[in-house]
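*Asks:* Residue numbers (the UniProt record's numbering): 1 to 300.
Here is the structure:
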């Protein structure tokens, strides 16, 4: 996102943060099926006032369902993101489509999103997807499970990466998304935090137009950012000792000026040393890299 879209998203995320901190307002209506894919809204979250935690879960489900709707209806997302039309016309269209099918917290956030300015229509979809993730992470934060969710997302991503057939099945855009979602969540349910399960389901649909693998990585980064941490992806020739991890964390924290969350993989092909990637920065201190450099120097 650039320009107006970034500014709009920042403002709406702040509004959503206020709602999730205080607990979203009670649901304004009971969904009748138009906006929700089967099973997308958790049972017991519509209608009567609910505890704040349940409101966050329902809020995320509402936003996610609308993002799916906008993603499959290009004409609708263009109409809702068209800033040449009066705000009242766009919010009126939104209300007519989903006003009675989402809770009041989601309706407030969605009206703000539709009334905002977007550089392109797809930015509106990306924003609603990200707002749904924010609501899920607010639930994890409220239940003191953000660190667990971050770790579970990363570990699941590594499992998928290490199981090529599973990765192919989950990333196969030609297969029904419902089947792929059922496969992913079935592997996690009962073994992971419910927030993790729902976020992985979001990754199957895709986050910001990304494929499954990239969406999972983006979710890990968003969860770390919620904890005010940088993600450092570390590949080592052998498992790091706790003391080595502590030293690496301290060194990276000094460089980036914030706490760092290590995500470590072991790859014996490095022969020794480590590689570290933080955002676009790559630090390659592996023996394999030094040998490659030496071979190159000898060749010249």
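A virtual CB, placed ideally from N, CA and C, is assigned to each residue, including glycine.
If residue 135 sits next to residue 59, beta carbons under 8 Å apart, how far is it from one beta carbon to the other, in whole angstroms?
*Replies:* That belief holds up - the Cβ atoms of residue 135 and residue 59 are roughly 5 Å apart, short of 8 Å.
*Asks:* Assuming residue 140 is part of the beta strand (DSSP E), what are its boundary residues?
*Replies:* That residue, residue 140, is in no beta strand (DSSP E); its alpha helix (DSSP H) goes 121 to 142.
*Asks:* In whole angstroms, what is the alpha-carbon distance linking residue 91 and residue 109?
*Replies:* Cα-Cα distance, rounded: 11 Å.
*Asks:* What are the start and end residues of the alpha helix (DSSP H) that includes residue 95?
*Replies:* Residues 87 to 98.
*Asks:* For residue 230, does the count of other Cβ atoms within 10 angstroms reach 16, so buried, or fall short, so exposed?
*Replies:* Residue 230 comes out buried.
*Asks:* Note down the Cα distance separating residue 98 from residue 211, rounded to an integer number of angstroms.
*Replies:* If you take the alpha carbons of residue 98 and residue 211, they lie about 27 Å apart.
*Asks:* Got a sec, what are the start and stop residues for the beta strand (DSSP E) residue 277 sits in?
*Replies:* Start and end: 274 to 278.
*Asks:* Grab the span of the alpha helix (DSSP H) containing residue 108 for me, first residue to last.
*Replies:* Start and end: 104 to 115.
*Asks:* So does the region 138 to 146 actually touch the region 172 to 190, counting three or more Cβ pairs closer than 8 Å?
*Replies:* Not touching, per the Cβ criterion.
*Asks:* Which same chain residues end up closer than 8 Å to residue 40 when comparing Cβ atoms and leaving out the 5 residues on each side of it in sequence?
*Replies:* Legend: pLDDT at residue 40 = 43, less than 50; position of this residue unreliable, no value from coordinates given.
*Asks:* Which residues share a DSSP beta bridge with residue 229?
*Replies:* Answer by DSSP bridge pairing, in chain order: 259.
*Asks:* Out of 261, 240, 131 and 164, which has the shortest C-alpha to C-alpha gap to residue 57?
*Replies:* Among 261, 240, 131 and 164, the Cα nearest to that of residue 57 is on 131.
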